[in-house]
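Residue numbers (the working numbering): 107 to 223.
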């Protein structure tokens, strides 16, 4: 399995933007790549995913219209562009790859996003 490394997290004011990156150590051959987040004291939750073959994306309702997932195939990198950030978006953000059954079985180490209100 390829190793996934997230970057781009940081501290931003509410209403601001951040772009997270998920870089794979090799060619991504998985069915899809997803973004998740986990806030302190909460369960990890799904943010969105991109189908690696056709580039289709899907988002959780609470980020739809604010977050965008994109990719650069040649660089085996996926981005999570986050706009109009809210304090409740504060969390550790993870990327992960899934098999054709949608099972996420390969995770990065996460990157912290903190949104100040």
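The beta-carbon is built from N, C-alpha and C at its ideal position, and this holds for glycine as well.
- Beta bridge pairing from DSSP links residue 180 with no other residue.
- In this structure, residue 187 sits away from residue 157, with a CB-CB distance that is not shorter than 8 Å.
- Residue 116 and residue 221 have their C-alpha atoms spaced approximately 8 Å apart.
- In this structure the stretch 125-140 lies against the stretch 188-208, because at least three pairs of beta carbons, one per stretch, are closer than 8 Å.
- According to DSSP, residue pairing for residue 185 in a beta bridge involves 127 and 176.
- For the pair residue 154 and residue 164, the CB atoms are nearer than the 8 Å cut-off.
- For residue 197, the enclosing beta strand (DSSP E) starts and ends at 197-204.
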